[in-house]
Every structure is written in C-alpha cells, then in structure tokens.
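To keep things clear, I will list the structure first and then write my remarks on it.
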Amino acid sequence: MGAVTYTKHYPSFKAGATTLPPAIDRLSGLLDRFRVRAHLFHAGALCGTTAFEAKPGRAFLHVLRRGELVVTHDKVKGLKRRVVVSEPTLMLYPRPVAHTFHNPPRDGSDFTCATLDFDGAEHNPLVAALPALVLVPLAQVDGLQPALDLLFAETDRVRCGSRLLADRLFEVVLIQLLRWLIDHPGAGGIGTGLISGLADPRLARLLVALHAAPAAAWSLERMAAQAGMSRTAFAVAFKQTTGATPAGYLADWRLTLAMSELRAGGLLKAVADSVGYGSATALSKAFKQRYGVSPRDWRKADQERYET
1 MGAVTYTKHY PSFKAGATTL PPAIDRLSGL LDRFRVRAHL FHAGALCGTT AFEAKPGRAF
61 LHVLRRGELV VTHDKVKGLK RRVVVSEPTL MLYPRPVAHT FHNPPRDGSD FTCATLDFDG
121 AEHNPLVAAL PALVLVPLAQ VDGLQPALDL LFAETDRVRC GSRLLADRLF EVVLIQLLRW
181 LIDHPGAGGI GTGLISGLAD PRLARLLVAL HAAPAAAWSL ERMAAQAGMS RTAFAVAFKQ
241 TTGATPAGYL ADWRLTLAMS ELRAGGLLKA VADSVGYGSA TALSKAFKQR YGVSPRDWRK
301 ADQERYET
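Mapped onto the numbering used here, the consecutive letters of the sequence shown carry residue numbers 1 to 308.
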C-alpha cells in the first residue's frame with residue numbers, strides 16, 4: 001500500500017506507578033486551560049534521510065509503527081546526539097528541536113507523524129515540565145493500542161474526514177502518553193517539575209486545587225493542609241519534587257495564566273482579577289519582574305512573532 005502524506009501543516013520536511021483516588025483528575029484542568037492541537041502530516045514509509053526543522057511553537061509526535069531507525073540531533077542540553085530506535089515507539093518532541101531520521105534507502109521504516117500546537121508554546125506548563133525528547137516503546141503504555149488502531153485505520157486509507165479524525169486521535173494518543181508519564185515519571189525520563197509533583201499523591205491534591213483556583217488566598221498553611229502535611233514537611237517535599245518553592249510555583253502559575261489570557265485578548269484589569277492580583281498595577285509589576293517587559297509590550301511582541 002502506498003504512503004499517504006499530508007503536507008498542509010508541514011510543507012517541508014520501572015519506576016512503580018503511583019495510584020491516586022479516582023476522584024483526582026490531574027490532567028483535565030491543565031489541558032482545559034492550555035489546549036493542544038495535533039495536525040497529521042505524514043503516514044507511511046520514510047526512506048533515507050528526513051530532516052525536521054525547529055521552528056517557534058512547533059512540537060512533534062512521531063509514532064514508529066514498524067522498522068528501526070537512527071535519530072540524530074544538533075547539540076541540545078540533555079539530549080543525546082544519536083539515538084537508536086529498534087522497536088515500535090512514541091517519540092515526543094514537546095519543544096522546537098531539529099532532528100533527523102536516518103532510515104534504509106529502500107523499504108524504510110513506517111511512521112505516522114503529527115505536529116503539535118501547545119497553547120503558550122514554551123510557556124505551557126506541561127511543555128516546560130517535559131524533557132527535550134520523550135521516547136517510550138508503544139508496548140509500555142497501558143491502554144494505548146485501541147487508540148493507535150483507530151489512528152492507523154484512518155491513516156492507512158483516505159476517507160471523508162480522515163485527516164480531521166486522525167488529528168483528534170493523535171490528541172487522544174498524546175493525552176494517554178501524558179497520563180502514563182504522570183504514573184511512571186522515572187520510566188519517562190521526567191526530572192523535578194510539574195509532572196513529578198502530579199505523580200506524588202499528596203502534592204497532586206494541592207496542585208489540582210491550585211490549578212483550579214489560582215486567585216484563592218493560598219497561604220503556606222492552606223497549601224500544606226490541602227496536601228495533608230505539616231508546613232515544614234510540605235515545603236521540603238514540594239521543593240524537592242517540583243524544583244520550586246510553593247510561593248514561587250504559585251506566582252509562576254498565575255503569571256503563566258495571565259500570559260495566556262493576555263494572548264487571547266483579555267483586558268489587563270480583568271486578567272489581574274482572574275489570576276489573583278489585586279490590581280492591574282500589581283500584575284504589571286510582577287509580570288515585568290518575571291519576564292523583563294510590561295504586559296503591553298509583551299503582547300505586542302508576541303503578536304508580531306506569530307504574524308511573521
């Protein structure tokens with residue numbers, strides 16, 4: 001069967017699982033605020049050398065269905081220059097990273113690939129919490145196969161709505177991968193950060209509540225109580241697991257939300273109220289201290305960036 005290639009969106013080419021009560025949904029709140037959209041651009045064999053460029057805001061999710069390949073990278077901190085993939089595997093590049101696939105010149109490996117658009121790009125909390133490359137064999141991710149079967153069924157034969165349905169199925173695959181990473185952070189190469197915090201049952205209770213109500217009066221005592229810990233034990237565990245102090249994480253979360261709302265056209269005063277700042281002046285001061293520019297100047301530069 002010949003390869004089916006879509007070019008509209010890409011014209012160039014064991015650590016143990018942590019069990020939480022079912023009532024705690026650690027992902028939906030994040031993905032509601034910071035959405036991700038997938039765009040299928042290739043399904044079929046890739047032969048020889050294929051280069052994928054690093055462009056602002058562009059992420060990739062590749063599914064190696066069959067075959068073997070070598071992946072090479074430019075010099076990127078924490079990323080090997082050469083990676084050998086020898087079994088069906090998910091390859092997630094959550095941030096812009098140039099990478100090159102090296103396949104046999106004939107009868108190359110079989111891939112299904114998509115670009116990903118994360119709201120907030122590098123400022124997306126999940127993007128920031130992931131390593132430069134997540135490499136996970138398909139067989140390790142529980143419950144993934146049914147979604148992959150549906151995805152492959154849509155990409156193997158062009159039918160009405162196939163590309164749009166494949167885009168949505170890629171998003172399902174990504175959510176299942178993120179769910180698995182939260183349950184198995186060590187196996188996914190996750191270090192300190194948000195995902196490690198969500199993997200801890202005590203900290204997850206606090207993080208989910210904080211994400212849902214950023215404007216609440218979150219004192220250290222209230223955070224510790226939400227986690228069911230003493231103040232001292234909570235502060236130590238939070239810093240060791242996430243790499244940030246509780247107050248620092250809360251400030252970053254509020255400013256990240258403010259950035260997202262400003263990008264969507266929100267008025268500064270309304271944004272300040274929604275994320276927990278008492279006034280537009282207070283938000284502007286915190287924003288400039290954190291990012292080096294005022295909210296107004298940042299929004300102008302951000303719009304120009306995506307228009308070029």
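From the three backbone atoms N, C-alpha and C, an ideal C-beta is built for every residue, glycine too.
Does the beta-carbon of residue 21 have 16 or more other beta-carbons within 10 angstroms, so that it is buried, or is it exposed?
-> Residue confidence is low: residue 21 scores 47 on pLDDT, short of 50, so the model does not pin down where it sits. Its coordinate-derived value is still stated next. Per the 10 Å Cβ criterion, exposed.
Helix, strand or coil for residue 211 per DSSP?
-> helix
Would you identify the three-state DSSP class for residue 249, choosing helix, strand or coil?
-> Helix at residue 249.
Taking contact to mean at least 3 C-beta pairs separated by less than 8 angstroms, is the region 138-145 in contact with the region 157-169?
-> no
Counting Cβ pairs closer than 8 angstroms, one from the region 101-110 and one from the region 61-80, do we hit at least three?
-> yes
By how many angstroms is the C-alpha of residue 152 removed from the C-alpha of residue 242?
-> The straight-line gap from Cα to Cα measures roughly 36 angstroms.
Taking 8 angstroms as the threshold, find out whether the region 256-267 comes into contact with the region 216-235 through three or more Cβ pairs.
-> no
With distances taken Cα to Cα, identify the nearest neighbour of residue 260 among 188, 27, 174 and 32.
-> 32
Report the three-state DSSP secondary structure of residue 105 (helix, strand or coil).
-> coil
DSSP on residue 63, reduced to helix/strand/coil?
-> Looking at residue 63 - three-state DSSP - the assignment turns out to be strand.
Using 10 angstroms around the beta-carbon of residue 24, count the other beta-carbons present and answer buried if the total reaches 16, otherwise exposed.
-> With fewer than 16 other Cβ atoms from the protein chains shown falling within 10 Å of its own Cβ, residue 24 counts as exposed.
List the whole-angstrom C-beta distance separating residue 114 from residue 27, where the pair is believed to meet the contact cut-off of C-beta under 8 angstroms.
-> About 19 angstroms; that fails the 8 angstroms criterion.
To which residues does DSSP link residue 93 through a beta bridge?
-> 60
Within 10 angstroms of its Cβ, does residue 311 collect 16 or more other Cβ (buried), or is it exposed?
-> Residue numbering for the chain in the displayed model covers 1 to 308; residue 311 lies beyond these limits and cannot be assessed.
Inspect the CB distances between the region 115-124 and the region 36-53 and report whether three or more fall short of 8 angstroms.
-> Yes: at least three Cβ pairs fall under 8 angstroms.
Going by CA-CA distance only, name the one from 287, 302 and 59 that's closest to residue 171.
-> Answer by Cα proximity: 59.
Residue 164 bridges to which residues according to DSSP?
-> DSSP, once it has assigned bridges, lists no residue as partnering residue 164.
Label residue 155 either buried or exposed according to how many other C-beta atoms from any shown protein chain fall within 10 Å of its C-beta, with 16 as the threshold for buried.
-> With 16 or more other CB atoms across the displayed protein chains lying within 10 angstroms of its CB, residue 155 is buried.
Quickly, what does DSSP pair residue 184 with across the bridge? List them, please.
-> The partner list for residue 184 (beta bridge, DSSP) is empty, contrary to what the question assumes.
Would you call residue 215 buried or exposed, if buried means 16 or more other Cβ atoms sit within 10 Å of its Cβ?
-> exposed
Inter-residue Cα distance where the pair is residue 255 and residue 272 | 9 angstroms
With which residues is residue 44 paired in a DSSP beta bridge?
-> 111
If you check the beta carbons only, do residue 295 and residue 262 fall under 8 angstroms apart?
-> It is a contact, given that the beta carbons lie within the stated cut-off.
Where does residue 222 fall in DSSP's three states?
-> Note: residue 222 maps to helix in three-state DSSP.
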